[in-house]
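Beneath this line is the structure, given in structure tokens, with notes to follow.
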Amino acid sequence: MTGGNAARFAATPLSGGGTPAREWAIRPTAALDLTECPGLIVVAPHPDDETLGMGATAAQLAASGVDVAVVSVSDGGAAEPGASPSQRIRLESLRRRELRRATEVLGIGAPMSLGLPDGQLADHEDELTESLAVILEKAAPGTRCAGTWRGDGHPDHEAVGRAAAAACARTGTTLLEYPVWMWHWASPTDPAVPWDRARSVRASPWALHRKHLAAQCFRSQFEAARGGAPVLPAFVLQRLLTVGELVFV
Numbered sequence: 030m031t032g033g034n035a036a037r038f039a040a041t042p043l044s045g046g047g048t049p050a051r052e053w054a055i056r057p058t059a060a061l062d063l064t065e066c067p068g069l070i071v072v073a074p075h076p077d078d079e080t081l082g083m084g085a086t087a088a089q090l091a092a093s094g095v096d097v098a099v100v101s102v103s104d105g106g107a108a109e110p111g112a113s114p115s116q117r118i119r120l121e122s123l124r125r126r127e128l129r130r131a132t133e134v135l136g137i138g139a140p141m142s143l144g145l146p147d148g149q150l151a152d153h154e155d156e157l158t159e160s161l162a163v164i165l166e167k168a169a170p171g172t173r174c175a176g177t178w179r180g181d182g183h184p185d186h187e188a189v190g191r192a193a194a195a196a197c198a199r200t201g202t203t204l205l206e207y208p209v210w211m212w213h214w215a216s217p218t219d220p221a222v223p224w225d226r227a228r229s230v231r232a233s234p235w236a237l238h239r240k241h242l243a244a245q246c247f248r249s250q251f252e253a254a255r256g257g258a259p260v261l262p263a264f265v266l267q268r269l270l271t272v273g274e275l276v277f278v
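Positions 30 to 278 (my numbering) are the ones given, in order, by the sequence shown.
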């Protein structure tokens, strides 16, 4: 099991910019071929993680006939600190709609939303493990499960990674772990990253374009809210659309 990197994530604020995308271009990684798997279930802590971390892979596999599904663990209601309860409810509804539009762009079916509380997923890890195990037990033999990396830094991402790993172990499902925030706080030579397990998933220009289009569906995250700064700065989106997609096997 990979240890957590919450302290590393917390010590690298968004205002500092993080690791530039150009630095990641020098990191060679062996490729992983997923075209023969019958199904892929992508587990996302929040709406948009599936697109930013695995969007091109999901689009490419779905177009080739692979059964791709998205499980959104939370509805992302804590994305705007200080929001009132009614504002949070509206944001959750908006983010669910954004996710549905994004999955349509990627060419995959309607996402499943589990509705667990954003920002508190570690407190619901056992419940999440049970829910994921039920989903995986119903999947076709050979289906892979992609959850956020257990060392990604964001507490919700790491909790989802641990729950996905536990559910996969229980059901005999092959686990893939995809990073999202690693690209921000880590570096290409970072010893905290299990590079020996890293594999890149090659995507066609068409699939990368679908990922770009799907990412634009999440306007609540990349446009200024209520006169303030956007939840995620533009450079975060640009980096995630530039570095390619990688999983830990």
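C-beta: ideal position from N, C-alpha, C; glycine also. A quick note: this is a predicted structure, and the numbers were derived from the prediction, not measured.
Cα separation between residue i and residue j?
i	j	result
Ser101	Glu52	30 Å
His186	Gln149	11 Å
Arg39	Gly33	Inspection of the sequence shows that residue 39 is occupied by Ala rather than by Arg. Approximately 12 Å between the Cα atoms of the pair.
Val134	Asp155	32 Å
Gly68	Val95	5 Å
Phe247	Pro262	13 Å
Glu252	Leu128	16 Å
Ala60	Ala54	15 Å
Arg10	Asp181	Residue 10 lies beyond the range of the chain shown here (30 to 278); nothing can be said about it.
Val97	Ile70	6 Å
Glu109	Gln250	9 Å
Ala35	Pro184	6 Å
Pro259	Arg130	20 Å
Glu121	Ala112	11 Å
Leu205	Leu165	14 Å
Glu65	Asp77	26 Å
Leu145	Ser115	17 Å
Lys167	Pro208	26 Å
Arg231	Ala92	14 Å
Leu237	Leu270	8 Å
Ser160	Gly201	15 Å
Leu266	Ala169	33 Å
Pro220	Pro49	18 Å
Trp224	Thr58	8 Å
Pro42	Phe264	13 Å
Under 8 Å by Cβ, that's how I've got residue i and residue j pegged, so tell me the actual separation to the nearest angstrom.
i	j	result
Asp62	Gly105	Contact doesn't hold; Cβ gap of about 32 Å is too wide.
Ser103	Pro140	So it is not a contact: roughly 12 Å between Cβ atoms.
Arg191	Arg179	6 Å
Gly46	Trp214	Not a contact, Cβ separation roughly 11 Å.
Val99	Ile137	6 Å
Run through the DSSP bridge pairs and tell me what residue i is partnered with.
i	result
Leu143	The partner list for Leu143 (beta bridge, DSSP) is empty, contrary to what the question assumes.
Glu109	Partner(s): none; Glu109 has no beta bridge.
Ser103	Leu145
Gly69	Position check: residue 69 holds Leu in this sequence, whereas Gly was assumed. Per DSSP, Val97 and Arg173.
Val276	Arg228
Do the CB positions of residue i and residue j come within less than 7 Å of each other?
i	j	result
Arg173	Thr132	no
Thr2	Ala196	Here the chain has residues from 30 to 278 only, and residue 2 is not among them.
Val278	Arg228	yes
Ala193	Gly176	yes
Pro217	Arg37	no
Ser142	Arg125	yes
Ala88	Arg239	yes
Shorter than 6 Å, the distance from the beta carbon of residue i to the closest heavy atom of the ligand ADP, or not?
i	result
Arg56	Because no ligand of any kind appears in the structure shown, any question about the ligand ADP cannot be addressed here.
Would you say residue i lies against chain D (beta-carbon separation less than 7 Å)?
i	result
Ala195	Going by chain labels, chain D is absent from the structure shown, which holds only one protein chain.
At least 3 beta-carbon pairs within less than 8 Å: the region 266-274 vs the region 75-87: Short answer: they touch.
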